[in-house]
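J.: Can you read through this structure? Questions will come right after.
2 protein chains.
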Amino acid sequence: MTNSNPVLTADLGGTKMVIALVSPDGKIVDRHRQPTLAKDGPETVIQRLYSSIDLLLDKNNILPRQLDAMSLGIAGIIDTRNGIVDKAPNLPGWENLKLKDKIYDRYDVPVYILNESDAAALGEHRYGAGKGLKNIALITLGTGIGGGLVLDGKLFLGSSGSAFEIGHMVIKDNGPECGCGKNGCLETLASGTAISREARRRITEGETSMLLDMVKGSIENITAEKVHEAAKQGDPFSLRILAGASHYLGLGIINLVSIINTEMIIIGGSVARIGNLLIDPVRQMVKDKAFPLMVKKLKIVRARLGEDAGLAGAAAYAFDQR
Amino acid sequence: MTNSNPVLTADLGGTKMVIALVSPDGKIVDRHRQPTLAKDGPETVIQRLYSSIDLLLDKNNILPRQLDAMSLGIAGIIDTRNGIVDKAPNLPGWENLKLKDKIYDRYDVPVYILNESDAAALGEHRYGAGKGLKNIALITLGTGIGGGLVLDGKLFLGSSGSAFEIGHMVIKDNGPECGCGKNGCLETLASGTAISREARRRITEGETSMLLDMVKGSIENITAEKVHEAAKQGDPFSLRILAGASHYLGLGIINLVSIINTEMIIIGGSVARIGNLLIDPVRQMVKDKAFPLMVKKLKIVRARLGEDAGLAGAAAYAFDQR
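Sequence lines, in order, name chains A and B.
The first sequence finishes on residue 322 if you use my numbering, and the numbering steps up by one all the way, no holes.
The second sequence finishes on residue 1322 if you use my numbering, and the numbering steps up by one all the way, no holes.
Have a look at this one:
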């Protein structure tokens, strides 16, 4: 079926919201961005979302009924089948929120609600690094770790219609405490937060690093980005910290591939900017430690589309539902 | 398409081989069993397999060309798409063996080669505990830990065409050494071997248990079965050992569900005979520790078909290929 109507998509995170118009070939025609101001609570944030939508439609001379659909990627645990935000740790007050119904009531077009990483996975599969492949996984490394899974060319949502929560896979029983209530989740060992926390902890315990000069002695200002900067300059301490994160990310990927054998793992999110310094040791570890048959064709690559992955992927999801 | 021809299936393990005739409704019409005598090497074992097949066909007055297919479940890492036994730790010498071509050359019927746990997963899905569901996983607990995954009603083989290797998911970085070269794989923490090894280790270190009397002081004779027996009689030591295995199995299941959200987890294999003493704490842990949305409809149950699961499942795989 051909349809030349665009999809209005959104990427709604804890700090900013981006609204976009996406054409049927996955091109982002126009976008609008504003801060989420999440602390104002769901009602106010949703009003802000509506005004962004209205503004973008208006600017492009499009009426809601001329849209193919609206499709929103949200940072949280989403019940996509029922269009409900189950929980969103970075959006205070968003719990068991029937967002799909709300938006539908206002705009009267088909509405889809996705986890933002699921949307990004579909975007990278359809238009980015995983184009043309059958089975891929996206792992997004940022403050936390999320991801999405595309199997047989379709977003796999599982039986509960919720996201692929690879950040909460336990790889170190009795490891660091995680916000989810478990210990040793991948997120506590290989996320941006884990990298900066580990660097701070070890410096506090007396290890030496050029990082201490970089933050002028304020250990609390050490971030994953600064660890990356110092590592690029050859700081042995920072290189060790990144090697630790690579080790855990490698284990996480081996576990993933042992369960669900994909052709490609795409690494996205802000921490992926560390690039090969982080990813080369992961590739080596997977090669050395996983079953050869499972990984002989596996490619581990960086995401290509950045912010656009979620916006275009949410649209792809809507197009897939036709 | 209807077809009333049976499938000849086999379950080929390190100790015994079972050959069966399976009707299109999944009923096992007849079977033949003999020891594998794996140490004789692949050629001799394959000749023994042929004589079992010939005997069963003869006894039932069936010619090979009257079969719909032959479909074999094998204990090992299998490249199902190409019909190759990649590696089979319990079948010495079976490496990169083009078994499908060999059997096809002799019998001239379609031949399928599956991992035995994959076959069992499909059997439990089609005719057993998971009947009628969309997404299920089977975890087989025995000497090792294996399993299979059925997604959208079909056996999921992943991009390499190999099995779901959940036993080699790392859940305890730096944990016990595994035969696969990694440390802290689920198999080293919750298999029958792990249960008996942990019991032996702790008794050697001086902990007390009625197990010591049960084996008349010969610690090396402690098996998972004996730990189960002692636990049923209330032995606090054996109950602690089982609680440990439940803890790790629970983590493994939480990880599995976090990655690939199934409706049901089916526990099979000899260790599953421990029953609710092992599985009830797993259910509780999953309820307490996994994301509620992901597990609110999840059922964790015991396998129903025993040995028949692999035999009937291998046939179901053949029927699915038509």
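Note that beta-carbon positions come from the ideal geometry of N, C-alpha and C, so glycine has one too.
Quick test of your reading: ALA272(A) and LEU141(A), contact by CB under 8 angstroms. State the CB separation rounded to the nearest angstrom.
T.: 6 angstroms
J.: GLY146(A) by DSSP, collapsed to three states: which one?
T.: strand
J.: Write down every uninterrupted run of the beta strand (DSSP E) in the region 243-313 of chain A whose length is 3 residues or greater and which is fully enclosed by it, in chain order.
T.: 264-268 and 299-302
J.: Using C-beta distances below 6 angstroms, list every residue in its chain close to LEU249(A), excluding the 5 sequence neighbours before and after it, in chain order.
T.: ALA190 and VAL282
J.: To test your reading of the DSSP string, which unbroken beta strand (DSSP E) runs of 3 or more residues are found completely within the region 1073-1149 of chain B?
T.: Within the region 1073-1149 of chain B, the complete beta strand (DSSP E) segments of 3 residues or longer fall at 1077-1079, 1084-1087, 1095-1097, 1111-1115 and 1136-1141, listed in chain order.
J.: Out of ALA230(A), LEU155(A), ILE136(A) and LEU114(A), which one is the CA nearest neighbour of LEU99(A)?
T.: Checked all of ALA230(A), LEU155(A), ILE136(A) and LEU114(A); the closest Cα to LEU99(A) is LEU114(A).
J.: Closer than 8 angstroms by beta-carbon distance: list the chain A residues that pair up with ASP1118(B), in chain order.
T.: Against chain A, a Cβ distance below 8 angstroms from ASP1118(B) picks out nothing, because the smallest value is about 12 angstroms.
J.: How about ILE1053(B): is its C-beta nearer than 8 angstroms to some C-beta of chain A?
T.: no
J.: Give a yes or no on contact between the region 1240-1247 of chain B and the region 1288-1305 of chain B, applying the rule of three or more CB pairs nearer than 8 angstroms.
T.: no
J.: Identify the contact partners of LEU1151(B) in chain A, using a Cβ-Cβ distance below 8 angstroms as the criterion.
T.: LEU151 and PHE156
J.: What does the alpha-carbon distance come out to for the pair ASP1040(B) and GLU198(A)?
T.: 53 angstroms
J.: Can you tell me the Cα-Cα spacing of ILE1166(B) and ASP54(A), whole angstroms?
T.: Straight through space, the alpha carbons of ASP54(A) and ILE1166(B) are spaced by roughly 48 angstroms.
J.: How big is the Cα-Cα spacing for PRO1035(B) and MET1017(B)?
T.: Going by C-alpha positions, PRO1035(B) is about 6 angstroms away from MET1017(B).
J.: Roughly how many angstroms lie between the CA atoms of MET1(A) and ASP25(A), to the nearest whole one?
T.: Legend: pLDDT at MET1(A) = 44, less than 50; position of this residue unreliable, value from coordinates given subsequently. Going by the C-alpha atoms only, they are around 13 angstroms apart.
J.: At a Cβ threshold of 8 angstroms, is HIS1228(B) touching chain A?
T.: no
J.: Would you mind stating whether TYR127(A) and PRO64(A) have Cβ atoms separated by less than 8 angstroms?
T.: No. Outside cutoff.
J.: Would you report the Cα separation of ILE1145(B) and VAL227(A), rounded to the nearest angstrom?
T.: 39 angstroms
J.: Between the region 147-160 of chain A and the region 116-123 of chain A, do at least 3 Cβ pairs fall closer than 8 angstroms?
T.: yes
J.: Looking at chain B, is there any beta carbon in it that lies within less than 8 angstroms of the beta carbon of LEU138(A)?
T.: no
J.: Any beta carbon of chain B sitting closer than 8 angstroms to that of THR262(A)?
T.: yes
J.: Let's test the definition: count the other Cβ atoms within 10 Å of the Cβ of VAL45(A) and tell me whether it reaches 16, buried, or not, exposed.
T.: So VAL45(A) ends up on the buried side.
J.: Shorter than 8 angstroms from the beta carbon of LEU1122(B) to some beta carbon of chain A?
T.: Among the CB atoms of chain A, none fall inside 8 angstroms of the CB of LEU1122(B).
J.: Considering only the alpha carbon of each residue, which of ASP152(A), GLU220(A), LYS172(A) and PHE237(A) lies closest to GLY252(A)?
T.: LYS172(A)
J.: Strictly under 8 angstroms for the Cβ-Cβ distance: is ASN90(A) near chain B by that measure?
T.: no
J.: Any beta carbon of chain A sitting closer than 8 angstroms to that of GLN1284(B)?
T.: no
J.: The alpha helix (DSSP H) with THR1204(B) in it runs from where to where?
T.: That run of the alpha helix (DSSP H) goes 1192-1204.
J.: Which residues share a DSSP beta bridge with LYS1154(B)?
T.: LEU1151(B)
J.: Applying the 10 Å Cβ sphere with the 16-neighbour rule, what's the burial state of ASP1152(B)?
T.: The residue is exposed, with fewer than 16 neighbouring Cβ atoms inside 10 Å.
J.: Pick out whichever of GLU1205(B), SER1238(B), ARG1201(B) and GLY1206(B) has its Cα sitting closest to the Cα of MET1214(B).
T.: It is SER1238(B).
J.: For ASP291(A), go through chain B and note every residue whose CB falls closer than 9 angstroms to its CB, in chain order.
T.: Contrary to the premise, residue 291(A) reads as Phe rather than Asp in this sequence. Neighbours of PHE291(A) on chain B, chain order: ILE1077, ASP1086, LYS1087, SER1160, SER1162, GLU1165, HIS1168 and CYS1180.
J.: Between the Cα of ARG31(A) and those of ALA38(A), GLN47(A) and ASP11(A), spot the shortest distance and give me the residue it belongs to.
T.: It is ASP11(A).
J.: Between which two residues does the alpha helix (DSSP H) containing LEU67(A) stretch?
T.: Here LEU67(A) belongs to no alpha helix (DSSP H), and DSSP marks it neither H nor E.
J.: Which residue from ARG1322(B), GLN1321(B) and GLY1313(B) puts its Cα closest to that of LEU1072(B)?
T.: The option with the nearest alpha carbon to LEU1072(B) is GLY1313(B).
J.: Under 7 angstroms between beta-carbons, which chain B residues line up against SER270(A)? List them in chain order, please.
T.: Under the 7 angstroms cutoff, chain B gives no residues; its nearest Cβ is about 22 angstroms from SER270(A).
J.: Note down the Cα distance separating LYS1182(B) from GLU1124(B), rounded to an integer number of angstroms.
T.: 30 angstroms
J.: Closest by CA to LYS1296(B), which one among ARG1304(B), ARG1302(B) and MET1285(B)?
T.: MET1285(B)
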